[in-house]
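In my numbering, the protein residues as written are 562 to 756.
Each residue gets a CB set at the ideal place from its N, CA and C atoms; glycine is no exception.
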Amino acid sequence: MITALMVTLLVLLSLAVVILFAMLGELNARISESSAGGGTRRPESVQPLPDAKLGATVIEFPDGLARPPGVLLVLSTTCGACQELAPEARGFFASSGVDLVGVVVSCASAASGREFVAQYGLADLPGYVDVSGQFSMSALGVGMSPAAVALSPEGVVRSAVVFSSFNALSSWIASLDDPSGAAGGVSVAPGKDLV
């Protein structure tokens with residue numbers, strides 16, 4: 562009986578973490594929207610993730626993800642902005658020339674994560690279904706979505722942002738190559754190291 566209660570509590574806690582993850586992303590999008598004057602179109606913005614584990618090295622990557630260097634996307638099954646952006650992910654990475662480490666889908670259950678991947682055409686991309694957001698939170702410090710993380714060849718988290726459009730994400734990626742060091746001098750172009 563105690564085991565059943567513990568399992569139930571664990572499932573409820575997992576669901577609460579995923580919902581909180583999505584709510585933070587939606588709140589961020591709405592704050593950006595209201596500060597940009599509102600409207601029906603989501604404003605294009607990229608904002609640093611304050612809790613990201615910048616400088617930390619990700620030792621173990623889950624199966625399904627490619628090896629760094631490159632960009633790792635973090636989406637959530639309960640995030641409206643993620644649902645809008647997910648169908649564009651494959652086309653963006655195919656046309657941008659940016660190395661994709663993978664798409665991490667934060668979800669309450671493996672089934673809901675797999676359904677999200679299938680529904681939004683992400684199955685042919687490197688990916689990982691992140692039940693309860695455990696990998697996103699523990700390894701990357703990413704607790705909002707949609708998010709992007711730039712990783713060095715050694716798996717070091719160089720930069721992490723929450724973004725509102727792939728156009729805004731493209732601008733952030735371009736800034737990573739900025740020789741002035743404004744974005745830490747990180748490069749994500751194919752064949753280049755994230756230095």
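Residues of the same chain with a CB within less than 6 Å of the CB of residue 619, apart from the 5 flanking positions on each side, are 700, 716 in chain order. By the criterion of a C-beta distance shorter than 6 Å, residue 617 is surrounded in its chain by 718, once the five residues flanking it on both sides are discounted. Here residue 724 is bridged, per DSSP, to 607. Inside the segment 637–675, DSSP marks whole alpha helix (DSSP H) runs of 4 or more residues at positions 641–646, 650–657, from first to last along the chain.
If you draw a straight line from the Cα of residue 686 to the Cα of residue 563, it is about 41 Å long. Three or more beta-carbon pairs separated by less than 8 Å are not found between the segment 642–652 and the segment 619–633, which leaves the two stretches without contact. When rounded, the separation of the alpha-carbon atoms in residue 666 and residue 631 is 17 Å. With at least 16 other beta carbons inside 10 angstroms of its own, residue 642 counts as buried. Cβ atoms of residue 633 and residue 710 come within 8 Å of each other, at about 4 Å.
For residue 697, the CB contacts under 7 Å within the same chain, skipping 5 residues up- and downstream, are 635, 665, 667, 691, 703 in chain order. In its own chain, leaving out the 5 sequence neighbours on each side, no residue places its CB closer than 8 Å to the CB of residue 656. Contact annotation: residue 676 and residue 639 have beta-carbon atoms that are not nearer than 9 Å. Under a 10 Å Cβ-count criterion, residue 567 is classified as exposed, with fewer than 16 other Cβ atoms of the shown protein chains found around its own Cβ.
Taking the C-beta atoms as reference points, residue 610 is found nearer than 9 Å to residue 705. Distance from the CA atom of residue 682 to the CA atom of residue 738, rounded to whole angstroms, is 29 Å.
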